[in-house]
Structures are given as C-alpha cells and as structure tokens.
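Visitor: When you number the sequence shown by the working numbering, it's gap-free, plus one each residue, and the end is 154.
Ideal Cβ placement from N, Cα and C applies to all residues, glycine included.
Given the structure is predicted, the values throughout are model-derived calculations rather than measurements.
The following block contains the structure, expressed as structure tokens.
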Amino acid sequence: MTVPRKQASKQAPWRVEIRSTGSIVMWLIILLVVGGVYLAVNARMARSGRDVLTMESKRTALRRRNAELTSQLAALTAPDRMMELATGLGFHLARQDEIEYVVVQGYEPKAPFVAPRPPSWGTEGSVDLSPAYSETLGQWLKRFLSGDRID
Numbered sequence: 004m005t006v007p008r009k010q011a012s013k014q015a016p017w018r019v020e021i022r023s024t025g026s027i028v029m030w031l032i033i034l035l036v037v038g039g040v041y042l043a044v045n046a047r048m049a050r051s052g053r054d055v056l057t058m059e060s061k062r063t064a065l066r067r068r069n070a071e072l073t074s075q076l077a078a079l080t081a082p083d084r085m086m087e088l089a090t091g092l093g094f095h096l097a098r099q100d101e102i103e104y105v106v107v108q109g110y111e112p113k114a115p116f117v118a119p120r121p122p123s124w125g126t127e128g129s130v131d132l133s134p135a136y137s138e139t140l141g142q143w144l145k146r147f148l149s150g151d152r153i154d
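This is how it looks when you write it as structure tokens:
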C-alpha cells in the first residue's frame, strides 16, 4: 500500500527535513572534495615551481663552476706556462742535430689532399647546354619577338 507523497510529508514532517539536510550535506561534501582537489593540484604546482627554481639556480651555479674550471685550464695550459713547466722539468727546444727521424717499414703516408676543380675549369665552351639555360633574358625576348622557336 503506497501513501501519496504529500500525505507522507504530513504524517512525518521529519522526512522533509532529512531530505533537505541530506541534500545540503551532499553539496557540502561535493564542495569539500572539489576544494581538496583544487588545493592538492595547487600544492603540486607550487612544489613543481619551487623545484624548477632550485634546478635553475643549480644550473647557474654549475655553469659558473664550468666557466671557472675552463678559465683555470686555459691558465694552466697557456704556452708561456707550459714552456716554464717544461723548462723546470729539464726539457728544452730540440736543435737540428738532436732530431732523429724513424723509418717505419710498411707505413704508407696518406696522399695529400687535392681540392677538386670547378666543373667549368678548363672546359670553356665545350659544355652542351640547351639555349634555354644559357641565353639571357634579352636574347630570349629578341628570339621570341622574331618568331624563332627552339624545339
């Protein structure tokens, strides 16, 4: 046996209160969940932003350190410094009578590099190009107006 809705509300008015309270609580829970997700996403974005800033500062420090090391290497390997160190170790510039060349059996040195010649070098006038590729605009216009055609 079903009781009509209005009659059920009149018989038990607490049902309407429970329904409206349940609806309000449901909307509050949805609002809290959405707010929580929003805060979680924003916290993650803020953490990522801080991580990026930290990494950028580390990169800047590493670049600076790399530049310092490059500068130190350049100072240590400067020709003046290397000559000074070599002299300190007992080395000196080789004189002609101190140089000894060694012949190695079976060694064939590479052929010296010979640059290729340009395609038109030494073949002036022997290139068989179509007049369409070798005539000037004035020559073409003159030929066109005179009625000559190249097949």
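Quick check on K61: does DSSP put it in helix, strand or coil?
Guide: helix
Visitor: How long is the line joining the alpha carbons of L148 and A118, rounded to whole angstroms?
Guide: 45 Å
Visitor: What would DSSP say about F147, mapped onto helix, strand or coil?
Guide: Three-state result, F147: helix.
Visitor: Measuring straight from C-alpha to C-alpha, what distance separates H95 and E111?
Guide: 31 Å
Visitor: For the alpha helix (DSSP H) that D83 lies in, which residues bound it at each end?
Guide: P82 to G91
Visitor: Give, in chain order, every unbroken run of the alpha helix (DSSP H) that is at least 4 residues long and sits entirely within the segment 14-68.
Guide: Fully enclosed alpha helix (DSSP H) runs of 4 or longer: not present.
Visitor: I need the straight-line Cα distance from L132 to Q142, nearest angstrom please.
Guide: Roughly 15 Å between the two C-alpha positions.
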